[in-house]
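**Q** Protein sequence lines correspond, in order, to chains A and B.
For the first sequence, the UniProt record's numbering gives the first residue as 1, with consecutive numbering after it.
For the second sequence, the UniProt record's numbering gives the first residue as 1, with consecutive numbering after it.
Note that the Cβ used here is the ideal one computed from N, Cα and C, for glycine as well.
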Amino acid sequence: MATIGHNNLNAKLVLLGDMGAGKSSVVLRFVKGQFLEFQESTIGAAFFSQTLAVNDATVKFEIWDTAGQERYHSLAPMYYRGAAAAIIVYDITTQESFSRAKKWVQELQKQGNPNMVMALAGNKADLEEKRVVLAEEARTYAEENGLFFMETSAKTAKNVNEIFYEIAKKLPRAQAPQNPAGMVLVDRQGDAARASSCCS
Amino acid sequence: MSDPSPPSPPPEFPPVEPTNFDLIVIGTGLSQSVIAAAASTAGKTVLHLDPNPFYGSHFSSLSLPELSSFLLSAPSQPSHSSPISDEYDVVPLSSRPLYSDVEISALPTELEDCSRRFCFDVSGPRVLFCADSAIDLLLKSGVNHYLEFKSVDVSLIYDGESGKFSSVPGSRAAIFNDKSLSLIEKLTLMGFFKLVQKHLGGEGEDVISEEDLESPFVEFLNKFRLNKNPLNQKIKWIILYAIALADYDQENLEVCKDLLKTKDGINRLALYHSSIGRFPNAPGAMLYPMYGQGELPQAFCRRAAVKGCIYVLRMPVAALLADKGSGLYRGVRLASGQDLFSHQLLIDPQFVIPQALALSKSGSLQVNSQNSIPKDIKMKVARGICITRTSLKSDALNLLIVYPPRSLYPEQVTSVRVLQLGSNSAVCPVGMFVLHLSSFCDDANQGKKLLKAAVDALFKQPSSVISEIKSSETPEDNSVDQGAVTEEEKPALVWTASYLQEITEESVSTISSSPCPDGNLSYNNLIDTTKKMFEQMFSGEEFFPDAPEDPDNVEDSAPE
């Protein structure tokens, strides 16, 4: 959920899409400015966080990775529950990944958080010669379904920062989340009394 | 979210890679998910399968259509069409029903549009105590980052003698502020809490004698005097059934199958007390995970996946593979026909360990002596789920009610516990409430009678229905204090379901069987059992070793 305090916004952001569409590459480009030609399937990362300044506010994205659970179509619903924003990634060189992206949009719409900011990212835009999904087709689909659309390339960094900025700009305008946020349990370290705290 | 039709493997599945694992787990119940996460964290290669299209198995939280299909699904028959293998004996894996006497009321039209917006816990009611071993495990394993909780605002106990609900004073401050307690009740209860605290603090030897600690808790309560004042019946009930959460009638040894010893009673009191105030934002002792208890196995599965565990839902296992010569377990045959191999197998409690494999030598693993194969069915739990539009207490959304033994009718042997959850827990649409009920029982008749009595006591009955239980009950025209319900204000029941669940024992061997959801309110026993299972399955491996946590809650160890 997006939570607001002192013009600072914390927002859970999830990436969805077919395996190999470039979800992790997009995140790595955004968070670390890196690109790996042969990015391994995602293992070992749970979250990344990155803060952006937008107008007079800062947005701290808590970016969840799929942890590879999408490989056999077994992504847990908890992954996208409570997300303030989602980037649905497909690979412009395969029609199948675009179809999967549409299924993810349906799935998110079924979850029924009308305030979620959704972006459709046609990734691997650098592979123009292998393109099979037309930008116009994706743009029309995005407009019809209330998403905004960009073609990105994690390799050349095209539109990667832009898509996160665009989300950040749209977020503060989103209304209060439908469900009030719950408590996250945190064990304070090094506390002699092993006291723990809850922050909401 | 997922298709309620019977699970079948989607044909487009790519074959699972790799094909050899340290551990294959069937079913994503809480125990299996914790073990998958612990084994992955210990560097083991793990494949986690589930025949269902959702996570959680018997610990899942399901929408209304999913719940019906899960409870009513027929046990899978072993398929005999598996191709014969030259290398292995192919032993069909069969399952047996854990649920029986399933009754689900017809879906009222008012719920048709929102039936998918409910999250019903299959093994409710269940909560976490802020200081219990489940919370410790969430913090230790780092799984706490994936979850959000709501506090259970109020805990109430029903007093069969007065017909009133009273709030459960779990702390000294609560006793002091409780207007329903008389001064003498306050003083004796305070005095008893002080004695327990003194005992636990180790101040002086023999605050409570060794003999007392081994004696029944109820006798200890009966003996207690503060300036010659005993604990009265109401206070004893609060301690026994609402704080120590005893399941069986502690004052009737003929029917009591689980007599609480003083030391256990005191430990439960201590857990309750240390739970209050552990987290500054949680006023009560209990927490409930947002979106339902099914989030807990999902969180552990995510943790496992982050550590490399492979997940395949909608994938039944058709058969087990055994070595032709030795008869030892070697692997599994998926419904897709693919053969996969592992050193160990952990199965869901609904599956039966095939006799042929159960009798084979279990290698170096120690078999838990308490377990027998085929599994003994020891106890049953009757569970109920209700939907209503009005809170049972006007100023609370999430609350717990305990009906102690004999409070509903004279022959009531076990406590009935009721957990009400509101929309702020994200388990139902705004303006509705979900209630979970459970009670231990011997058979369906007893279980259904217990649930019916509790439901009748909670909800307004259609005037045409005259309940046989109610007629022999205490008068209904009580002036109930504390904002609790009176008969006129009782909410109407919108929808209800009830079923019996069997409780089977876990077992550890080359093929291990995970524990069923128990009949307790907390996850304590289940987590303790799971930890022991892991330590037997992977001797020498630590159960979630302490790892330094990034202060920013951020794991940032992606491949460089």
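Could you tell me the boundaries of the beta strand (DSSP E) in which B:S418 lies?
**A** In the sequence as presented, Ser is not what sits at residue 418 of chain B; that position holds Val. Taken as a continuous stretch (DSSP letters only), the beta strand (DSSP E) holding B:V418 covers 416 to 421.
**Q** Just to confirm the assignment, what range does the alpha helix (DSSP H) spanning A:F149 have?
**A** Where A:F149 is concerned, there is no enclosing alpha helix (DSSP H), although the beta strand (DSSP E) it sits in stretches over 148 to 151.
**Q** Name the residue from B:H48, B:I503, B:K150 whose alpha carbon lies nearest to the alpha carbon of B:I24.
**A** B:H48
**Q** Give a yes or no on whether 7 Å exceeds the smallest Cβ distance from A:A11 to chain B.
**A** Answer no: the Cβ-Cβ gap between A:A11 and chain B never drops below 7 Å.
**Q** What residues of chain B sit near A:R100, judged by a beta carbon separation below 9 Å?
**A** By Cβ distance, chain B contributes nothing, its closest Cβ being about 11 Å from A:R100, past 9 Å.
**Q** Consult DSSP for A:L9 and reduce its assignment to one of helix, strand or coil.
**A** strand
**Q** Anyone know if the C-beta pair for A:L15 and A:K23 falls short of 7 Å?
**A** yes
**Q** Given a threshold of 16 other Cβ atoms within 10 Å of its Cβ, counted over all protein chains shown, does A:D91 qualify as buried or as exposed?
**A** buried
**Q** Specify whether the stretch 23 to 38 of chain A and the stretch 263 to 280 of chain B touch according to this definition: at least 3 beta carbon pairs, one from each stretch, less than 8 Å apart.
**A** At 8 Å Cβ cutoff, the stretches do not touch.
**Q** What is the rounded straight-line gap between the Cα of B:L450 and the Cα of B:V416?
**A** 7 Å
**Q** With a cut-off of 7 Å, does the C-beta of B:Y272 fall near any C-beta of chain A?
**A** no
**Q** In three-state terms, what does DSSP make of B:C428?
**A** coil
**Q** Which bits of chain A does B:I135 rub up against, with CB to CB less than 8 Å?
**A** Around B:I135, the beta-carbon contacts reaching into chain A at under 8 Å are L185.
**Q** Alpha helix (DSSP H) containing B:D136: first to last residue?
**A** 133 to 141
**Q** Assuming contact is defined by CB atoms lying nearer than 7 Å, are B:H199 and B:P517 in contact in what I supplied?
**A** no
**Q** So, at 6 Å on beta carbons, what are the nonlocal neighbours of B:I266 in its own chain, with the 5 sequence-adjacent residues on each side left out?
**A** These residues qualify, in order along the chain: V196.
**Q** Give the secondary structure of B:Q344 by DSSP, where H, G and I count as helix, E and B as strand, and everything else as coil.
**A** Of the three classes helix, strand and coil, the one that applies to B:Q344 here is strand, per DSSP.
**Q** Could you have a look at B:S439 and say whether DSSP puts it in helix, strand or coil?
**A** Three-state result, B:S439: strand.
**Q** My assumption, with CB atoms under 8 Å, is that residue 566 of chain B sits in contact with B:I401. Please give the rounded CB distance.
**A** Nothing about residue 566 of chain B can be reported from this structure: the residues present for chain B run from 1 to 560 only.
**Q** Among residues of its own chain, excluding the 5 on either side of B:C119, which ones have a beta-carbon nearer than 6 Å to its beta-carbon?
**A** Same-chain partners within the cutoff: S61, Y291, G292, V427.
**Q** Return no unless some Cβ of chain A is closer than 7 Å to the Cβ of B:F544.
**A** no
**Q** Is B:C130 near B:A282, with beta carbons less than 7 Å apart?
**A** Closer than 7 Å, so yes.
**Q** How about B:Q250 and B:V218: are their beta carbons less than 7 Å apart?
**A** yes
**Q** With a threshold of 16 other CB atoms inside 10 Å of the CB of A:Q69, please say whether the residue is buried or exposed.
**A** buried
**Q** For B:F341, which option in B:I353, B:A356, B:P349, B:D323 has the closest C-alpha, if you only look at C-alpha atoms?
**A** B:D323
**Q** Taking its Cβ as the centre, do 16 or more other Cβ atoms sit within 10 Å of B:T510, making it buried, or is it exposed?
**A** Burial state of B:T510 is buried, judged by a 10 Å Cβ sphere holding 16 or more other Cβ atoms.
**Q** Just the C-alpha distance for B:R225 and B:G170, rounded to the nearest angstrom, thanks.
**A** 20 Å
**Q** Within 7 Å of any Cβ in chain A, is that where the Cβ of B:S364 sits?
**A** Its pLDDT being 35, under 50, B:S364 is placed unreliably in this model, and the coordinates cannot settle the point.
**Q** In chain order, what residues of the same chain lie with their CB nearer than 8 Å to the CB of B:F70, ignoring the 5 residues before and after it?
**A** N52, S60, L62, V122
**Q** Mind pulling the beta strand (DSSP E) runs of 3 or more residues that sit fully within the stretch 91 to 138 of chain A?
**A** 117 to 123
**Q** Given this structure, state the Cα-to-Cα distance separating B:D153 from A:S153, to the nearest angstrom.
**A** Roughly 49 Å between the two C-alpha positions.
**Q** Would a check of beta-carbon distances place A:Q95 closer than 7 Å to chain B?
**A** no
**Q** Would you grab the beta carbon distance between B:I353 and B:S95 for me? Rounded to a whole angstrom, and I think it's under 8 Å.
**A** Not a contact, Cβ separation roughly 11 Å.
**Q** For chain A, find out if any of its Cβ atoms is closer than 7 Å to the Cβ of B:R302; answer yes or no.
**A** By this cut-off, B:R302 is an interface position.
**Q** Please decide whether A:P177 counts as near chain B, where near means a Cβ-Cβ distance under 7 Å.
**A** Model confidence at A:P177 stands at a pLDDT of 49, short of 50, so the residue's coordinates are unreliable; what they give is reported in the following sentence. Not an interface residue.
**Q** Taking the continuous beta strand (DSSP E) assigned at B:G331, which residues delimit it?
**A** Segment 329 to 334, the beta strand (DSSP E) holding B:G331.
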